[in-house]
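Report on the following structure.
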Amino acid sequence: MPADYEVASSADSDDDKKCYIFEARQKKLSSPQLAPTNPNQEKPTSPSLKGLDAQLSSICASNGKRSYEEFMQSSSYFPVTLYITAVGDGSLAADISDKARERLESILTKIPKEQQTSIECGGGLVPLKLRVFVANSEDAKAVGDYIKDHASVVLFSSFAKIYRCNLLMIVWLQIPAAVVVLCREVFITLRCEGGLDMKDSSVADRLRKQAKTRAVKLVRDLILQAKDLSLPMLRGHSGPLGPSSILEPLLPNYVSAKGEGFWSDSTGKKFVIFSAKNKFNQSPAVAPASPRLSPPSPPD
1 MPADYEVASS
11 ADSDDDKKCY
21 IFEARQKKLS
31 SPQLAPTNPN
41 QEKPTSPSLK
51 GLDAQLSSIC
61 ASNGKRSYEE
71 FMQSSSYFPV
81 TLYITAVGDG
91 SLAADISDKA
101 RERLESILTK
111 IPKEQQTSIE
121 CGGGLVPLKL
131 RVFVANSEDA
141 KAVGDYIKDH
151 ASVVLFSSFA
161 KIYRCNLLMI
171 VWLQIPAAVV
181 VLCREVFITL
191 RCEGGLDMKD
201 SSVADRLRKQ
211 AKTRAVKLVR
221 DLILQAKDLS
231 LPMLRGHSGP
241 LGPSSILEPL
251 LPNYVSAKGE
261 GFWSDSTGKK
271 FVIFSAKNKF
281 NQSPAVAPAS
291 PRLSPPSPPD
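What follows is the structure, given as structure tokens:
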């Protein structure tokens, strides 16, 4: 970059969007002979800014927009909070209702293809079956209630007499656990074209599926970064919340490096941004109707 220019970044945000604006500030020229003699002469442009402008222009052109600001203003966001679990080695307890058993068995056996993954362990690939839910869904509630109902809080009274304080410990009634929680809240938002009708249930379902696929990749890569996390823990041999105690503290920094920035909702909650796939950004093209052919004229 030429010495006469510097690049500064600043955040410009409103209630719904956050983007980064890059600007060039020209330094004062100390030598009078270096100043341009012609006042109408065009000032030099930083090469890095040229590259940035070209990149933004490419993004705008591919989305049919004239400027990056127009592209950002025309974008809409589809936020979703996800609850990520894995299938453990344990079996469901016998003391649950038939309705709860039916739902939990469906959760543990009917696993979508995109949520079946594998991780490197011991020099080879080990299969890992994940289940990703919207955090406020009935499936997520069923898993949370099952875990809560099969934990016992123990008070160590002898410790309390000696040190005059209570020592509480959660004892899991099932080890290995049947279902293991990896991350209780993963905030993801998909950036889409503003013309997309997100109230359409089929569109919303496809976007949620896309967000879940993103979350599977995020968590799979995050597991590889967690040195203290072992395969037995992922299988539920340290209880249903063992992996989440390791993965959740690592999650914020990891998603900030992998995403495309953050978007905040009206409550100030931050969602990591990912661009929706192109097939969701554009309305499907409608093929023009074929012209009607006139019947051939009878010969004279």
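According to the UniProt record's numbering, the stretch in the sequence shown is residues 1 to 300, in order. Don't be surprised by glycine CBs; every beta carbon is placed ideally from N, CA and C.
Item to check | Sequence-distant residues of the same chain with beta carbon closer than 6 Å to F133, five excluded per side | outcome: Y83, D139, A140
Item to check | Option nearest A177 by Cα separation, candidates N136, A151, E193, R184 | outcome: A151
Checklist entry - In the structure shown, what three-state DSSP assignment does A151 receive? => result strand
Checklist entry - Between residue 302 and I96, what straight-line distance do the alpha-carbon atoms span, to the nearest angstrom? => result There is simply no residue 302 to check, as the chain begins at 1 and stops at 300 in what is shown.
Checklist entry - For K148, is the classification buried or exposed, using 16 other Cβ atoms within 10 angstroms of its Cβ as the cut-off for buried? => result exposed
Checklist entry - Taking the continuous alpha helix (DSSP H) assigned at G236, which residues delimit it? => result It is not in any alpha helix (DSSP H) - G236 carries neither H nor E in the DSSP assignment.
Checklist entry - Among G90, S230, K199, which one has its Cα closest to the Cα of L104? => result G90
Item to check | Same chain only: Cβ atoms within 8 Å of L247, ignoring 5 sequence neighbours per side | outcome: L182, C183, V219, L222, I223, A226, L229
Checklist entry - For the candidate residues F78, P127, P112, D265, whose alpha-carbon lies nearest to that of L234? => result P127
Checklist entry - Does DSSP classify T213 as helix, strand or coil? => result helix
Item to check | Q210 and L190 closer than 8 Å at C-beta | outcome: yes
Next on the checklist: By the three-class DSSP mapping on this structure, what secondary structure does K269 have?
Outcome noted: coil
Next on the checklist: Alpha carbons only, please: which of K99, G261, P243 is nearest the one belonging to V180?
Outcome noted: P243
Item to check | For I96, three-class secondary structure by DSSP | outcome: coil
Item to check | Range covered by the beta strand (DSSP E) that runs through I111 | outcome: That residue, I111, is in no beta strand (DSSP E); it is neither H nor E in DSSP.
Item to check | Candidates T117, E185, R206, of which the one nearest C192 by Cα | outcome: R206
Checklist entry - Buried or exposed: Q282, going by 16 or more other Cβ atoms within 10 Å of its Cβ? => result The predicted model places Q282 with a pLDDT of 42, which falls under 50 and marks its position as unreliable; any figure quoted below should be read in that light. By the 10 Å Cβ count, Q282 comes out exposed.
Checklist entry - Does DSSP classify A135 as helix, strand or coil? => result coil
Checklist entry - Can you tell me whether S264 is buried or exposed, with buried defined as 16 or more other CB within 10 angstroms of its CB? => result buried
Checklist entry - Counting along the chain, where does the beta strand (DSSP E) carrying E185 start and finish? => result 179-193
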